[in-house]
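So the structure is just underneath, and the comments pick up after that.
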Amino acid sequence: MISLRYTRNLFLRSFCIIYLFAFISFYVQIPGLYGDNGILPAKSLLENSKHKTLSAKVHYQPTLLWLAPYLGLDVNYALDVLALLGSFLAFTGFISQKFCTIPLFAGLWSLYFSLYQVGQVFVSNHYDEFLLEAGFLTLLVAPLLPGRRKGSKGSPSDSVSFWLVRWLLFRFLLTCGLLKFISGCPKWWSLSAFNYYFETLPLPTPLSWYFHHIPGWYLKLFAVITNVCEIGLPFLFFIPIRAVRITSFIIQIFLQISVVLTGNYNFTNLLLVTLLLSLLDDQFFYGRRKPFTKWTLIEKIINLLIYGAVCLAVIKLYSLNLNGTIIESNIGFSKDQFEQVLKQGLTITIYLGLLSLGITALRALSLSLFDSQGSGSKFLVTISTLVCAGIAGLLFISSTVPLASLHSTSNSSVHTSVRTIYNRLHKLHAVNQYGLFPKMVGVDGRPEIILEGADNLEGPWLEYNFLYKPGNVNHSLPFVAPYSPRLDWQMFWAAYSTYDKQPWILSLAHRLLTGRPEVLALLDRYHSPFSQKPPKYVRGILYKYKYTSWSQRSQPSWWVRQKVGEYFPAYSKDSPALVDYLKARNLWPTPKKQGVNPLWKQVLDGIRYVTGHLEATLLLWSVFTAGCAIITTSAKK
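Count the sequence shown with the numbering used here and you get residues 3 to 639, in order.
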């Protein structure tokens with residue numbers, strides 16, 4: 003049996019780090035986003051429930067926040083408790099492997115799921131769903147209790163649970179890659195998407211400007227590499243040859259590093275890297291070099307042949323041609339040909355996945371029957387393997403629904419009972435539909451909403467500065483990941499819509515008009531023109547931003563911008579239109595009700611006071627560094 007024990011432990015501890023970053027990111031932003039005076043108060047959302055009993059409320063909105071009154075808390079402090087408890091559990095799993103058990107990960111998943119339920123528009127991306135689905139799989143990867151898996155090679159069910167991890171990774175990458183072509187986006191079909199990609203990222207990094215100015219032929223080649231990594235190479239995740247999977251792992255890591263350097267995608271890339279660990283085994287990390295055998299030679303030859311075939315296919319499909327020192331590339335297949343391959347390929351992919359899972363499960367079951375020591379141990383291991391295989395089959399069947407939905411033909415063939423299973427699991431976000439940035443937007447310049455305040459309608463109008471999104475053309479943007487600045491992220495998407503379809507943005511405007519410190523903390527409060535008192539009027543102006551040219555690299559400006567027009571009109575805090583709009587949507591701030599347990603209040607306020615003096619990314623890395631220091635100290639003892 004291939005040893006997966008060390009790989010499993012590394013996977014689980016890495017997942018604890020991801021949870022740690024996610025919970026702390028949520029905690030930092032709770033007052034400004036979900037507090038009573040926040041942009042989208044969580045209390046208002048829960049108050050919409052007309053149910054009286056606890057079970058009915060949980061069925062309406064499944065979250066642990068319903069327990070707040072029983073603990074002497076209100077919704078605001080309950081949110082803090084959930085986020086802090088999740089951070090604590092994740093930290094304990096990070097610093098000590100013995101805590102990485104099913105109860106711990108069940109608690110982490112439940113807590114994050116509870117927070118997600120009140121996240122509203124600020125969790126309307128696929129990244130939180132991706133974390134929840136991957137987190138659900140950790141319940142199959144982790145041991146039930148510490149010390150229960152003492153075998154040198156782990157448990158036979160590890161191969162089944164890691165297969166599910168690879169299947170999630172496969173679906174995520176494949177769907178993201180295919181949707182670029184399914185959407186019909188002309189920029190992806192012409193391989194010119196990366197001419198605009200780095201300029202139109204939701205939250206660019208300081209290196210995005212430099213990548214934007216890379217020669218066009220190289221950017222087209224990078225589009226080819228991205229397509230291959232997302233559509234072609236994921237099929238190699240299931241090849242039962244170790245060298246093939248390791249090579250695929252290395253290539254995918256290169257892609258993730260490139261994404262991290264050029265875009266702030268919160269914890270997503272770290273999560274993808276963690277899932278990629280499922281392609282490895284213990285020998286990759288510490289195994290001794292095996293003596294050179296015939297099988298070793300055969301494995302290396304097969305690996306070369308497979309990736310050689312991939313290279314030849316890429317040359318053919320993308321018409322790669324060396325012209326002097328430039329590699330020319332163009333799509334070498336038509337949309338009709340792509341349509342035909344997609345139509346047949348999705349069904350074939352699902353059947354191949356079922357076959358691969360079946361073989362993996364049967365092999366794990368045979369190992370549990372014949373390799374376990376002792377009749378009692380053999381019985382327990384066999385039962386756990388059967389349970390794991392059964393759950394894997396259920397998750398696989400439900401996951402075929404979002405995969406089949408990529409084409410009408412395969413989608414219509416999905417049985418009703420399978421859709422029912424998917425709908426129920428999707429409600430828990432144990433199985434989700436993915437597809438990030440299928441179309442390249444902002445090709446004529448990225449739209450940005452600039453909020454301005456003034457004491458008179460005639461001006462002067464002064465701009466609010468955000469911490470992580472473009473605003474001042476002379477300011478570079480920082481590396482933010484793995485922190486998740488949800489307001490800055492959502493401002494990017496709001497710019498592609500209208501304010502009447504984004505109720506939260508007028509709620510934000512009202513909080514600025516009333517000078518709510520919770521909301522101002524989400525902005526650049528150290529460079530705010532209204533740090534002393536709020537303005538009388540706030541308005542939104544839409545601009546188009548573009549990077550400055552390469553010839554201006556010695557200049558202080560990073561962006562050039564052009565005013566498009568008004569995004570939303572000027573409002574005062576007492577404007578009848580604004581007041582009626584917010585009250586109709588239950589977004590009008592309400593005074594806090596006392597009744598929180600004094601001890602809870604004192605402790606939680608103290609923690610909030612200490613953490614509030616640290617910049618969010620600094621807080622994340624400080625906690626992470628503290629965990630690393632504890633691990634290092636423990637290892638020396």
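No residue lacks a Cβ here, since even glycine has one placed at the ideal position from N, Cα and C.
As the structure is a computational prediction, the values presented were derived from the model and not from experiment.
query	result
is_contact[residue 355, chain D] using C-beta, thresh 8 angstroms	Among the chains of the structure shown, chain D does not appear; only one protein chain is present.
CA nearest to the CA of residue 398, picked from 380, 55, 359 and 414	359
DSSP beta-bridge partners of residue 456	539
Where residue 206 falls: helix, strand or coil (DSSP)	strand
Through-space distance from residue 526 to residue 465, alpha-carbon basis	11 angstroms
Whole-angstrom distance between residue 8 and residue 153, CA atom to CA atom	Because the pLDDT of residue 153 is 45, which lies under 50, any placement of that residue in the model is unreliable, and the number read from its coordinates should be weighed accordingly. If you take the alpha carbons of residue 153 and residue 8, they lie about 11 angstroms apart.
Three-state class that DSSP yields for residue 179 in the structure shown	helix
Beta-carbon contacts of residue 349 that lie in its chain and below 6 angstroms, excluding the five residues immediately before and after	412
Boundaries of the alpha helix (DSSP H) in which residue 355 is found, first to last residue	337-372
Helix, strand or coil at residue 426 [DSSP, three-state]	helix
Reference residue 134, options 602, 616 and 436, closest by Cα	436
Residue 572 - DSSP class collapsed to helix/strand/coil	strand
Helix, strand or coil at residue 623 [DSSP, three-state]	helix
Proximal residues to residue 151 (C-beta, below 6 angstroms), its chain only, five neighbours per side dropped	With a pLDDT of only 45 at residue 151, under the threshold of 50, the placement of this residue in the model should not be trusted, and no figure is reported.
Three-state secondary structure (DSSP) of residue 150	Only weak support exists for where residue 150 lies, its pLDDT of 47 falling under 50; the coordinates are left without a value.
Span of the beta strand (DSSP E) around residue 328	328-330
Endpoints, beta strand (DSSP E) assigned at residue 324	323-325
Top-ranked residue by Cα proximity to residue 257, from 284, 245 and 223	223
Exposure of residue 533, with buried meaning 16 or more beta-carbon neighbours within 10 Å	exposed
Straight-line Cα distance separating residue 34 from residue 512	13 angstroms
Buried/exposed call for residue 635, threshold 16 Cβ in 10 Å	exposed
Endpoints, the alpha helix (DSSP H) within which residue 83 is located	77-97
Sequence-distant residues of its chain with Cβ nearer than 6 angstroms to residue 19 (five each side left out)	96
Whether residue 38 touches residue 606 by CB criterion (8 angstroms)	no
Own chain partners of residue 230 with C-beta closer than 8 angstroms, once the 5 adjacent residues on each side are dropped	312 and 316
Three-pair Cβ contact test at 8 angstroms for the segment 55-65 versus the segment 534-550	no
CA nearest to the CA of residue 126, picked from 431, 554 and 441	431
Buried/exposed call for residue 560, threshold 16 Cβ in 10 Å	buried
Cutoff 8 angstroms; reference residue 78; Cβ partners in own chain excluding five residues on either side	32, 33, 36, 37, 38, 44, 45 and 594
Limits of the unbroken alpha helix (DSSP H) element including residue 492	488-496
Stretch-stretch touch, CB-based, cutoff 8 angstroms, three pairs: the segment 440-453 with the segment 406-424	no
CA-to-CA distance, residue 137 to residue 267, given in whole angstroms	18 angstroms
Which listed residue (354, 225 and 198) has its alpha carbon closest to that of residue 212	198
C-beta atoms of residue 490 and residue 503 nearer than 8 angstroms	no
Sequence-distant residues of its chain with Cβ nearer than 6 angstroms to residue 478 (five each side left out)	208 and 560
Same chain, Cβ closer than 6 angstroms to residue 637, neighbours up to 5 away in sequence not counted	none
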